[in-house]
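A.B. asks: Number 87 in UniProt numbering belongs to position 87 of the sequence shown; there are no gaps in the numbering.
The C-beta atom is built at its ideal place from N, Cα and C for all residues, glycine as well.
The structure follows.
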Amino acid sequence: MATTDGEYGAITDATEDTEAVCDLVKKTVEEKTGKKYVEFKAVKYRQKDVVGGTNYLIKVHVGGDDYIYLTVFEDIGEEVFLHDVQDHQTIDSPLVPF
């Protein structure tokens with residue numbers, strides 16, 4: 001069900017598919033943040049279906065108490081594009097569009 005904050009759906013536990021999306025953008029995330037992540041595990045996500053594909057907002061555990069947020073677009077051909085990264089998140093940070 002869509003919500004008013006950007007029409008993303010409800011927060012859901014990450015799935016194997018969500019983890020696969022994260023794996024595809026990990027190198028780009030590392031380039032963008034200038035960090036190498038030993039741990040990089042999707043834990044929660046929200047999605048929004050749009051014309052031509054799906055937007056994902058994903059909370060990723062990157063070790064210790066550290067989390068990052070990713071905004072990712074997957075087109076209908078299943079090609080994945082990283083839009084943005086937001087770091088300095090915690091397990092309790094609200095998963096809202098940025």
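#1: The alpha helix (DSSP H) with Asp-23 in it runs from where to where?
#2: Taking contact to mean at least 3 C-beta pairs separated by less than 8 angstroms, is the stretch 80–87 in contact with the stretch 40–47?
#3: Rounded to whole angstroms, what is the Cα-Cα separation between Leu-70 and Lys-59?
#4: Who pairs with Thr-54 in a beta bridge, going by DSSP?
#5: What three-state label does DSSP hand Asp-13 in the structure shown?
C.D. replies: Walking through what the data contain:
#1: 16–33
#2: no
#3: 7 angstroms
#4: Asp-49 and Glu-74
#5: strand
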